[in-house]
Amino acid sequence: MRDYLLTLCVTAAVTYLLTGPVRKFAIATGAMPEIRARDVHREPTPRLGGIAMFFGLCAGLLVADHLQNLNSVFDQSNEPRALLSGAALIWLIGVLDDKFELDALIKLGAQMISAGVMVAQGLTILWLPIPGVGTVALTQWQGTLLTVALVVLTINAVNFVDGLDGLAAGMVCIATGAFFLYAYRLWYGYTIEAAAPATLFAAILMGMCLGFLPHNMHPARIFMGDSGSMLIGLILAASAISITGQVDPDTLKIFEGSTRQATHAALPVFIPLILPLTIIAIPMTDLVLAIVRRTWKGQSPFAADRGHLHHRLLEIGHSHSRAVLIMYFWSALIAFGTLAYSVHSASMWIVLAITALSALGLVLLLMPRFSPRAPRWAEAIVPPRYRRRSRVVEPEPEHGAAEEEDRVPVPAGLHGSTAIGHRSRFSDRRKAGTPS
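Add 37 to a position in the sequence shown, counting from 1, and you land on the number used in my numbering.
What follows is the structure in structure tokens.
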């Protein structure tokens with residue numbers, strides 16, 4: 038555990054320290070697109086945060102290779118090299134997309150090629166444990182297709198949820214924390230060496246997200262862009278593939294005794310094997326709903342819109358920070374709830390706790406709908422959020438003010454102490470996405 042924590046800290050430190058210079062580089066190269074109609078931020082913000090995250094990945098793998106307890110992962114398995122190869126390819130495509138806005142089909146093809154690179158080097162699903170059936174060996178083509186599909190779905194699910202400041206990095210970090218505990222339990226508790234690569238990948242992924250989050254929390258100073266979202270999505274998928282398709286459940290010796298005993302003993306194993314899917318349950322739900330919504334409207338599944346889950350939270354009435362925290366809550370509840378039930382599946386207290394927390398999450402989710410409003414005679418003594426909204430009649434602009442609004446506004450610089458230009462003296466009242 039000490040070596041994993043050291044690897045995590047080094048990865049987080051490298052990512053954190055490089056994000057500042059990468060931000061300046063993104064500004065200098067113009068990787069700062071205009072605000073689109075579906076965006077929720079109000080000022081142009083640089084992208085390319087994935088550059089710092091990729092170098093954090095390289096630093097984590099390099100440190101782990103020189104640690105005595107983790108060096109065996111590189112000697113006995115080719116999975117770390119396979120991960121680095123696929124990550125480098127998808128990261129490069131993401132950097133080009135952050136700068137030049139590549140076509141969606143080009144990115145989809147790059148995702149499939151990156152998955153194929155990992156499969157060619159041995160990071161693939163070899164078998165699947167199916168409840169009631171046992172371990173089912175897959176053919177080479179079946180394993181390849183299933184691996185590529187899982188990688189592509191995970192990458193796009195993470196990419197779809199990357200719509201608010203700190204949302205994607207925080208959700209992936211929380212879910213990966215639960216996944217790390219499960220993988221470490223298999224490696225250390227059951228002495229299964231095949232689970233060591235997935236444990237290492239999870240520790241490095243947590244370090245990448247933790248190092249980037251201080252720069253990405255609201256208000257974000259830099260976005261990870263597709264170079265970061267596709268990168269962490271691929272690492273998340275690689276961890277799931279390694280632990281699900283490489284670890285043979287028969288090595289746990291759970292299929293012994295009577296059928297009832299074997300079934301009960303298998304629950305802690307079968308449930309966490311679905312954990313790679315539960316940790317992306319919310320992004321995957323958002324992805325499926327987006328595809329159905331756009332197809333129903335006759336649009337392309339890759340067409341951007343403002344119908345994602347985080348957009349709906351903002352429309353309900355949640356603030357930016359509260360919407361992100363609500364998404365964090367549900368991610369933690371699904372991931373850690375599944376993990377807890379896998380460890381103590383016979384405990385009814387865990388089921389009751391998950392049910393109670395789910396009810397609490399629904400109350401927090403719908404809280405703006407139930408905001409009380411004080412009567413008018415008590416508005417003077419209650420906080421402003423409980424007062425009734427009154428119509429505000431805007432005064433007609435004077436002749437001089439109208440002339441000032443007709444003038445062409447100066448483009449605003451970035452917020453904070455890192456602004457590269459003077460702020461606009463006149464506000465641009467045109468909606469984002471409208472022609473000049």
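Built from N, CA and C at the ideal position, the CB exists for glycine as well.
Using three-state DSSP, classify residue i as helix, strand or coil.
i, result
"L107", "coil"
"L175", "coil"
"L139", "coil"
"N253", "helix"
"R258", "coil"
"T281", "helix"
"K334", "coil"
"H301", "Bear in mind that the predicted position of H301 carries a pLDDT of just 49, short of 50, making it unreliable; the figure below should be weighed with that in mind. Reduced to three states, the DSSP call for H301 is helix."
"D199", "coil"
"T228", "coil"
"G67", "coil"
"G354", "coil"
"P81", "coil"
"V430", "In this prediction, V430 scores a pLDDT of 48, lower than 50, which makes its location untrustworthy; no coordinate-derived value is stated."
"S379", "helix"
"N193", "helix"
"L54", "helix"
"G146", "helix"
"G159", "coil"
"L403", "coil"
"S114", "coil"
"S266", "helix"
"S395", "helix"
"S151", "helix"
"L451", "Model confidence at L451 stands at a pLDDT of 43, short of 50, so the residue's coordinates are unreliable and nothing is read from them."
Let me check understanding here. Comparing Cα to Cα, which of the options lies closest to residue i?
i, options, result
"A274", "T184, E230, T332, M261", "T184"
"G326", "A372, L397, R84, A194", "One detail in the question is off: residue 326 reads as Leu in this sequence, not Gly. Selected option, being the one with the closest Cα: A194."
"G180", "A157, L190, N196, D40", "A157"
"R349", "L403, Y227, S122", "L403"
"D40", "A212, N106, D135", "N106"
"I269", "A89, V380, C46", "A89"
"K61", "G97, T176, R258, L389", "R258"
"A205", "C246, L45, L351", "C246"
"S276", "G57, P117, D199", "P117"
"R359", "G203, D323, H381", "G203"
"W178", "T172, I162, L190, V189", "I162"
"V188", "W386, I150, D263", "I150"
"N115", "A393, T82, A233", "A233"
"T281", "L394, N196, W164, L142", "W164"
"G398", "W386, V361, R331", "V361"
Sort out for me which residues DSSP pairs residue i with in a bridge.
i, result
"W164", "A174"
Compare the beta carbon distance of residue i and residue j with 9 Å and say whether it is the shorter of the two.
i, j, result
"L401", "I363", "yes"
"I192", "M69", "no"
"D140", "R84", "no"
"G93", "T66", "no"
"G214", "A239", "yes"
"H255", "L201", "yes"
"L160", "A119", "yes"
"A212", "S368", "yes"
"A96", "G123", "no"
"L376", "L250", "no"
"L104", "L43", "yes"
Can you tell me the Cβ-Cβ gap for residue i and residue j, rounded? I've got them flagged as a contact below 8 Å.
i, j, result
"V154", "G87", "Not a contact, Cβ separation roughly 18 Å."
"D102", "F111", "5 Å"
"G248", "A49", "4 Å"
"I278", "L242", "Their Cβ separation, rounded to whole angstroms, is 14 Å, which puts I278 and L242 out of contact at 8 Å."
"M208", "Y378", "Not confirmed; about 20 Å, so no contact."
"T82", "F260", "6 Å"
"L346", "I319", "7 Å"
Just checking: is the beta-carbon of residue i within a distance shorter than 9 Å of some beta-carbon in chain C?
i, result
"D102", "This model lacks chain C altogether; it includes just one protein chain."
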